[in-house]
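Protein chains in written order, with this note's numbering: chain V, 2 to 154; chain Y, 3 to 166.
Okay, structure coming up:
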């Protein structure tokens, strides 16, 4: 708790908590990064499952990179938001469930991205990778719901 | 006129459905957020290809994402109407809400421009073919308008409520 109390007392946390633009700017960036990371991930996962088959798998690599930019935006904005109320968030099971799911979602992207890069022209991914993509879709959907519900607890 | 509309919105049974159950509002919000993700994800792939990013994708294949964008928008229209029926006075008094609606109208007009002027010319373009300048402009405007819609939507509770 020492670290979290210190974090809450930093200038960044104070700025997010009480300045006019701190919280709104962080929350807006967080929605933007979410749309990029989760929106692209859901569609890339669907493509791996065989939807939109006209899009070559090789084209997915660049969108994975773009998705990671969204992830970076959310890591930074999320850190700012977390710092403002660190000691409350850490004991909120909805928030902690969301964070776990986001971490798992990121790992699925980390597994699927190299598999897509290795796939040859006109190739599709294995059944195992399709399983990862299905799992990823469920994880992202529940992560979004838990993130939204964090505001209520 | 707006007063009459607001009175009507709150007099409907939908108003009660949205307000009288603890789970209605968070459920509408969760659906609104999920569909905004799939809307923006599909738009990013389509619009960036129009602009010239990732040209190995044939345009017809990009076009196969259009139903995702349309269904996602429909979900957000319906859930968004749920918020309006629930609390019209707060939204109608908020300038950020009107800015968001104006951007949705602009995005709709931009889509009409795509549908009538751009799509017929590009739908047969194969991989690695260059899109015309109008297609690039329409793709860029689409991303600007929709990310604007997202930003104003998320900032709505903090803007235009008197304080900000």
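Where a beta carbon is used, it is the ideal one built from N, C-alpha and C, also for glycine. Here the structure is a predicted model, which is why all the values come from computation and not from measurement.
Between residue i and the rest of its own chain, which residues show a CB-CB distance below 7 Å, the 5 nearest in sequence each way excluded?
| i | result |
| --- | --- |
| residue 195/Y | In the structure as shown, chain Y starts at 3 and stops at 166, and residue 195/Y therefore has no counterpart that could be examined. |
| residue 61/V | 45, 48, 117 |
| residue 147/Y | 105, 108, 109, 112 |
| residue 144/Y | 45, 49, 109, 112 |
| residue 134/V | 46, 49, 50, 113 |
| residue 98/Y | 154, 157, 158, 161, 162 |
| residue 94/Y | 4, 8 |
| residue 91/Y | 8 |
| residue 17/Y | 11, 87, 88 |
| residue 75/V | 31, 34, 35, 38 |
| residue 13/V | 81, 84 |
Grouping DSSP H, G and I as helix and E and B as strand, with all else coil, what is residue i?
| i | result |
| --- | --- |
| residue 145/V | helix |
| residue 5/Y | helix |
| residue 126/V | coil |
| residue 1/V | Because chain V here runs from 2 to 154, residue 1/V falls outside it and cannot be looked at. |
| residue 9/V | helix |
| residue 52/V | coil |
| residue 132/Y | coil |
| residue 21/V | coil |
| residue 112/Y | helix |
| residue 105/Y | helix |
| residue 14/V | helix |
| residue 46/V | helix |
| residue 114/V | helix |
| residue 100/Y | helix |
| residue 166/Y | In this prediction, residue 166/Y scores a pLDDT of 37, lower than 50, which makes its location untrustworthy; no coordinate-derived value is stated. |
| residue 201/Y | Here chain Y covers residues 3 to 166 and nothing more, so residue 201/Y does not appear. |
| residue 89/Y | coil |
Roughly how far, in whole angstroms, is the beta-carbon of residue i from the beta-carbon of residue j, given that I think they are within contact range, below 8 Å?
| i | j | result |
| --- | --- | --- |
| residue 96/Y | residue 37/Y | About 21 Å separates the two Cβ atoms, so there is no contact after all. |
| residue 42/Y | residue 67/Y | Not a contact, Cβ separation roughly 12 Å. |
| residue 128/V | residue 63/Y | About 23 Å; that fails the 8 Å criterion. |
| residue 138/Y | residue 61/Y | Incorrect: roughly 13 Å between the Cβ atoms, too far for contact. |
| residue 71/V | residue 38/V | 3 Å |
| residue 68/V | residue 110/V | 6 Å |
| residue 5/V | residue 98/V | About 18 Å; that fails the 8 Å criterion. |
| residue 137/V | residue 106/V | 6 Å |
Taking all protein chains shown into account, decide if residue i is buried (16 or more other Cβ within 10 angstroms of its Cβ) or exposed.
| i | result |
| --- | --- |
| residue 154/V | exposed |
| residue 82/Y | buried |
| residue 118/Y | exposed |
| residue 43/V | buried |
| residue 57/V | buried |
| residue 101/V | exposed |
| residue 141/V | buried |
| residue 30/V | buried |
| residue 108/V | exposed |
| residue 14/Y | exposed |
| residue 104/V | exposed |
| residue 82/V | buried |
| residue 40/Y | buried |
| residue 146/V | buried |
| residue 20/V | exposed |
| residue 79/V | buried |
Only counting the same chain, and skipping five residues up and downstream in sequence, which positions put a Cβ closer than 8 Å to that of residue i?
| i | result |
| --- | --- |
| residue 18/V | 24, 85, 86 |
| residue 165/Y | Its pLDDT being 44, under 50, residue 165/Y is placed unreliably in this model, and the value from its coordinates should be taken loosely. Closer than 8 Å at Cβ, skipping near neighbours: no residue. |
| residue 11/V | 84 |
| residue 54/Y | 132, 133, 138 |
Going along the chain, which residues of its own chain have a beta-carbon closer than 6 Å to the beta-carbon of residue i, five neighbours each way excluded?
| i | result |
| --- | --- |
| residue 116/Y | 140 |
| residue 128/Y | 60 |
| residue 130/Y | 57 |
| residue 93/V | 154 |
| residue 114/Y | none |
| residue 16/V | 23 |
| residue 90/V | 83, 96 |
| residue 139/V | none |
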